[in-house]
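Asker: Quick note: the sequence shown uses our numbering, first residue 143, plus one each step.
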Amino acid sequence: DHIIDIGPGAGEHGGTVVAQGTVAEVAAREGLPTGDFLAGRVGTGGPEPLTGGRPARREGEVLRLSGLTGRNLKGIDIEIPLGQLTVVTGVSGSGKSTAVHETMYRALAARKHHTRRPAAPFAAMTGDEHLHSVILVDQTPIGRSARSTPATYTGLYNHIRKVFAQTSLARMRG
């Protein structure tokens, strides 16, 4: 698994890749909020933090984007190993959506599906030859209710509820 942590703050104080790598590599970064959480140096009162990882399923296949400058992004480069879970983290307003939705997704959609919606500015993209299509799954309601999202239909929220129910705050509130 691979993490791209964008920050360090929100708005004009964000837009920089503060850490990038495997769970173990990011967890080794003391003083970095995401690293401290993954290493168990800080917690949420919930289940044990994640550690370790598994080997990449598609060794060597990587999607790289360089020079991302949309909105708050300050010329960042991102590298996403293919065939495994990658998490993009950061505080609200740090540039996660700009990097993932407005730049990476739109650039891939333009190349793979010939869409006309322009991507946020970036210098170069390589590794897209390893992908045959791109699909964006977001939190947009997919049913009649505004509460219906892909997580609703897949049952993911049941697991999320169980995790939150294990927190000390949930136990205190009953």
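Idealized CB from N, CA, C, for every residue including glycine. Given the structure is predicted, the values throughout are model-derived calculations rather than measurements.
(1) Going by CA-CA distance only, name the one from S239, A251, I284 and V204 that's closest to R225.
(2) Could you tell me the alpha carbon to alpha carbon distance between R253 and R259, rounded to whole angstroms?
(3) Do I148 and S322 have their beta-carbon atoms positioned less than 7 Å apart in this structure?
(4) Could you pull the start and end residues of the beta strand (DSSP E) that R206 belongs to?
(5) Based on Cα-Cα distance, which residue from G316, S234, P175 and L210 lies nearest to E244?
(6) I'd like to check one pair, T176 with T228: are the Cβ atoms closer than 7 Å?
(7) Pick out whichever of S287, I218, G185 and G202 has its Cα sitting closest to the Cα of Q162.
(8) Quick one: Cα of R183 to Cα of A166, how far?
(9) Residues bridged to E221 by DSSP?
(10) Give the DSSP-derived three-state secondary structure of G163 in the structure shown.
(11) Hey, could you find the ends of the alpha helix (DSSP H) T296 is sitting in?
(12) Could you give the residue range of the beta strand (DSSP E) that holds A252?
(13) To which residues does DSSP link I145 through a beta bridge?
(14) Short of 8 Å in beta carbon distance, which residues of its chain neighbour V276, apart from the five on each side in sequence? Order them along the chain.
Answerer: On the basis of the coordinates in this document:
(1) Note that residue 225 corresponds to Gly in the displayed sequence, not to Arg. Answer by Cα proximity: V204.
(2) 11 Å
(3) Since the first residue shown for the chain is 143 and the last is 316, residue 322 is missing from the structure and cannot be characterised.
(4) V204 to L210
(5) L210
(6) no
(7) I218
(8) 13 Å
(9) R206
(10) strand
(11) It spans P292 to T296 - the alpha helix (DSSP H) in which T296 sits, taken as one unbroken run.
(12) Not the beta strand (DSSP E): A252 falls in the alpha helix (DSSP H), residues R248 to H255.
(13) According to DSSP, I145 bridges with G163 and V229.
(14) Y247, L250, A251, K254 and H255
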